[in-house]
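To start, the structure under review is shown below, and the notes come after it.
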Amino acid sequence: MKTQTRAVVIGGGIAGCSTLYHLTQEGWTDVVLVERDELTSGTTWHSAAQVTNFGMTQTMVGLKTHSINLYQELRDDADYPVQYNHGDGGIRLANTEAQMDGYRHFASMARGMGVEFEVLDAEECARRHPLISTDNLLGGLWDGNDGDIDPASLCQALARRARKAGAEVYRQTNVTGLTQHKDDSWTVHTNKGDIDCEVVINACGYRVNEVGAMMGVHHPVASMEHQYFVTDEIPGIIEAGHRMPLLRCPISDYYCRQEKNGLLLGFYEQDCKTWGMDGISPDFSNDLCPDDLDRVTDVLEGAFERMPALMDVGIKNIVNGPITYTIDGAPLVGPIPGKRNAFCIIGLRAGLGEGGGHGWLLAQQIVHGEAQYDTWVIDPRRFTGHGNVELTALKAIEDYQNEFRFHFPHEHRPAGRPIKTTPLTPIMAAEGAEFTVVNGWERVEYIKPAPDFQPTLGFHFDETFDVVAGEVDVVHKAVGLCEVNGFNRIEVDGPDRAAFLDHLICGRVTKKEGKVGLGYLLNDHGCIKAEATVANLPGGPVWFGSAAAAEWHDMDWLKRHADGFDVSIRSLTNDYTILVLAGPKSRDVMSAVSRADWSKAAFPWLSVRHAFIGIAPAVVMSVSFSGEMAYEIHIPNNQLYGAYLALRAAGEAHGLKIFGARAVESMRLEKGFLHWKADQLTEFDPFETGLDRFVKMDKDDFIGKAALQKRQANGPSVKLVSLQVDSMTTPAHPGASVMLDGKVVGTVSSGDWGHRVGMNIAYAFVQPDQAAEGTALHIDMLGALVPAKVIPPAPFDPEMSLPRG
Ligand SMILES: Cc1cc2nc3c(=O)[nH]c(=O)nc-3n(C[C@H](O)[C@H](O)[C@H](O)COP(=O)(O)OP(=O)(O)OC[C@H]3O[C@@H](n4cnc5c(N)ncnc54)[C@H](O)[C@@H]3O)c2cc1C
170 MKTQTRAVVI GGGIAGCSTL YHLTQEGWTD VVLVERDELT SGTTWHSAAQ VTNFGMTQTM
230 VGLKTHSINL YQELRDDADY PVQYNHGDGG IRLANTEAQM DGYRHFASMA RGMGVEFEVL
290 DAEECARRHP LISTDNLLGG LWDGNDGDID PASLCQALAR RARKAGAEVY RQTNVTGLTQ
350 HKDDSWTVHT NKGDIDCEVV INACGYRVNE VGAMMGVHHP VASMEHQYFV TDEIPGIIEA
410 GHRMPLLRCP ISDYYCRQEK NGLLLGFYEQ DCKTWGMDGI SPDFSNDLCP DDLDRVTDVL
470 EGAFERMPAL MDVGIKNIVN GPITYTIDGA PLVGPIPGKR NAFCIIGLRA GLGEGGGHGW
530 LLAQQIVHGE AQYDTWVIDP RRFTGHGNVE LTALKAIEDY QNEFRFHFPH EHRPAGRPIK
590 TTPLTPIMAA EGAEFTVVNG WERVEYIKPA PDFQPTLGFH FDETFDVVAG EVDVVHKAVG
650 LCEVNGFNRI EVDGPDRAAF LDHLICGRVT KKEGKVGLGY LLNDHGCIKA EATVANLPGG
710 PVWFGSAAAA EWHDMDWLKR HADGFDVSIR SLTNDYTILV LAGPKSRDVM SAVSRADWSK
770 AAFPWLSVRH AFIGIAPAVV MSVSFSGEMA YEIHIPNNQL YGAYLALRAA GEAHGLKIFG
830 ARAVESMRLE KGFLHWKADQ LTEFDPFETG LDRFVKMDKD DFIGKAALQK RQANGPSVKL
890 VSLQVDSMTT PAHPGASVML DGKVVGTVSS GDWGHRVGMN IAYAFVQPDQ AAEGTALHID
950 MLGALVPAKV IPPAPFDPEM SLPRG
């Protein structure tokens, strides 16, 4: 066994084998995989191993396409062919129009990744799958690439190819400890001896937290028991003369695929069970949980009604095994939060279908620092301090129970709420707030017009339209108050703080005390990594502010680049909350509640100062995401309530009302303001993202400059544009394809109604030759081609006269 290598992958299931193989493909061949037992002895060996192309984001579709292409290549390898039934096709069923709309949207989104899904009516579903009835069925989504693969030979084939490229695989090698050294390298301790390495990768399936504990980390991953059975031969399958397509059913929560001449049926029962919460026996390997079909009778009935042929066949085999879930159902693939040179590929609940793609994107991140798609949807840093074991289990149960029921826009499911709140949360609830969840925080979405107000879940404008319009109107004509909790706030101090931020940011951000600026941080490839509001507090320090979700991501980036600078960096994210006061009367309210001089001359746009709000100390910034005159008031959480009361009292004379995140979304779209990870992605550089004015190529140096110069020389691959969408009924949803003459020319990144300009607005990344103002395009919205025209980036107050006051 080697004692020194570049990377050690821990775990020999699909996650580990795929990562090992892809590391060799990306150029790291001195790499090792260690497995405590034999390859595939965790969950992988008993997987139903369906491989679908379906995903709900373009990154997920893209990585699944990679799996499918790779698996076909392995199937066709004459030296070691893998058993892969590719192209049986699969149907996701639906019995509501809202589900069908979802499928139409996902088809539009996948088209942008070169993947064609078909939306079928019920009769066509039954024609393609002769065993199903059309009762209580509206139709479904057809994925022609669907199929299943033999998990054991897949992993062996990947390990075999990795070995050929120089990697080594050590079976019966149990990792017992991990030590990190001062230079951030690791020693992996095993029952067979130690291995020193640069990088460790946790691919330990349901044992993820045993290995996590060895590096002092808890991963938000929980296991559920999951069952399927295999039936005896079904005559209807033999008579059909072709393989049965796969089925996935959100109506009765099961999946089904052909296995020999019978069917394999897997269940997501409501009466489900977590597994291994209090530890896992070291002997549980190549093992299963006891069968318990009683638990799944609720879903079985639905499957029998859909496929009556099941009533006449016996069950040959039952499998009940642990399957891992995370807080939002997507896996954790990327850097381990708070650790250097440590990565994970864990929480895979569809690891056979996705594993090829996840291993690929992880290897790219390890070797090149970034993958070819933006990987935020699978980034392990997206859950911050709230990702504890109890919350994870509750969300895992909820997600398991809803396996095939995708979230509708603005849907936030109830399990594990509230997890992050402020002293104002119950006050806002008493005001009638509906909450959305942002990085665990309960954030006001809007104020309900009646306690039983319940908008219809779906893809069209709904009953919230007029509610949001009302909130925008108050902000535009008088003054509104909005709580923005969880805003990421990192204090950067020390003599080198200005030089440090200058090195990170691609533009020139003001260093003047009392001034605020906006800056963009690039990765080594010259693409957008982070966005920061830089506030130079009078007398120091600097506050680096960014999106709530970026809390761990941005901290990681800042700390990683702090070597050589005399700076201190600490998070104040959880210590303060912002109250945003916005609207033409906001200055009057500030003057009434705070003794300072709030005149334009004394405190112009883009200023920051310390002040008191009533008796509560605050840091106040004159910045605006709504496009109205506004103040961002940062208040310590323990004095938040007092400040809130003071603002409400002072605002009464001016008609102050509360507004929420939906109103903010509408207003920021009218202003051309971008959202991190919706409109700012690691796939595109600032020029492509329309942020030219925030880049100063004549600066001495900044991270990503050389790469950006090269990209600039090659010209943009896309351009972010604002579109006016010709629909009164439906917003353009992120991912929808922008079309011209039957071809995809772009992808929507954000969309909603702009209430001040009375316009349906979308942002989209489009091909540069389609980016000129006035260009007429279409968006594939829920199966219809809706006209959309390129408009100026900010249809509302483009001169920024309102925030300037
Ligand atoms: C019943 C069932 C049906 C499923 N059906 C499908 C499906 O149809 N399609 C699909 O895509 N997915 C399916 N899945 C999910 C899929 O099987 C898993 O996502 C996938 O197998 C997880 O692979 P993994 O490599 O992450 O974990 P595992 O396969 O569990 O591999 C982890 C490995 O790490 C090793 N290990 C752990 N600790 C250590 C240590 N300390 N030292 C060294 N080695 C260690 C283990 O021995 C194990 O081999 C199903 C799961 C179940 C339970």
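Each residue of the sequence shown is one higher than the one before, counting from 170 in this note's numbering.
For glycine and all other residues, C-beta sits at the position ideal for the given N, C-alpha and C.
The way I'd put it, the region 589-596 doesn't touch the region 616-628; fewer than three beta-carbon pairs between them come closer than 8 Å. Judged by their CB atoms, Ile747 and His823 are not nearer to each other than the 7 Å cut-off. With 16 or more other Cβ atoms inside 10 Å of its own Cβ, Tyr745 counts as buried. Remark: fewer than three beta-carbon pairs, one from each stretch, lie closer than 8 Å, so the region 412-432 and the region 443-452 are not flagged as touching. Per DSSP, the continuous alpha helix (DSSP H) segment holding Glu567 begins and ends at Val558 to Gln570. Sequence-distant Cβ neighbours of Val465 in its own chain, meaning closer than 7 Å and more than five residues away, are Gln396, Phe436 and Glu438.
Within the same chain, Ser454 come within 6 Å of Asp206 by CB-CB distance, once the 5 residues on both sides are set aside.
With contacts defined as CB atoms closer than 7 Å, Ala704 and Val777 qualify as a contacting pair.
Counting the other CB atoms within 10 Å of its CB gives Lys754 a total of 16 or more, which places it among the buried residues.
Ranking Ser763, Thr544, Val913 and Gln878 by CA distance to the CA of Gln849 puts Thr544 first. In the structure shown, the three-state DSSP call for Gln893 is strand. Listed in chain order, the alpha helix (DSSP H) runs fully inside the region 596-658 are 633-646, counting runs of at least 4 residues. The region 508-520 and the region 333-341 do not touch, with fewer than three beta-carbon pairs separated by less than 8 Å. The count of Cβ pairs closer than 8 Å, one atom from the region 815-834 and one from the region 853-873, stays below three, leaving the stretches out of contact. In the three-state scheme derived from DSSP, where H, G and I count as helix and E and B as strand, Cys675 is classed as coil. Taking each of Asp723, Ala584 and Trp712 in turn and checking the Cα distance to Arg551, the smallest one comes out for Asp723.
Excluding residues up to 5 positions away in sequence, Arg175, Ala176 and Val536 lie with their Cβ nearer than 7 Å to the Cβ of Trp197 in the same chain.
For the pair Glu567 and Arg582, the CB atoms are nearer than the 7 Å cut-off. Gly374 has its Cβ nearer than 6 Å to a heavy atom of ligand 1. A distance below 6 Å between beta-carbons, with the five flanking residues on each side excluded, links Ile407 to the following residues of its chain, in chain order: Asn430.
For Trp712, the secondary structure class from DSSP, reduced to helix, strand or coil, is strand. By the criterion of at least three beta-carbon pairs nearer than 8 Å, the region 547-562 is not in contact with the region 255-262. Arg764 sits exposed, since fewer than 16 C-beta atoms from the chains shown fall within 10 Å of its C-beta. For Ala336, no pairing in a beta bridge is given by DSSP.
In this structure, Thr221 lies away from Ile183, with their beta-carbon atoms at least 7 Å apart.
Within the region 519-555, the complete alpha helix (DSSP H) segments at least 4 residues long are 520-537, listed from N- to C-terminus. At a Cβ-Cβ threshold of 7 Å, Ala716 and Trp845 count as neighbours. Under the DSSP assignment, Asn378 falls in the alpha helix (DSSP H) whose first and last residues are Val377 to Met383.
For the options Asp861, Ala751, Gln534 and Leu202, the alpha carbon positioned closest to that of Cys651 is the one of Ala751.
Separation of Gln808 and Ile364 (C-alpha to C-alpha, rounded to the nearest whole angstrom) is 52 Å. Shortest gap from the CB of His395 to any heavy atom of ligand 1: under 6 Å. Under the DSSP assignment, Pro404 falls in the alpha helix (DSSP H) whose first and last residues are Pro404 to Ala409. For Leu289, the closest of Gly526, Gly528, Trp311 and Ser791 by C-alpha to C-alpha distance is Trp311. Within the chosen limit of 6 Å, ligand 1 reaches the beta carbon of Thr212 through at least one heavy atom. For Gly520, the shortest separation between its Cβ and any heavy atom of ligand 1 lies below 6 Å. Using a Cβ distance threshold of 7 Å, Phe630 and Glu614 do not count as a contacting pair.
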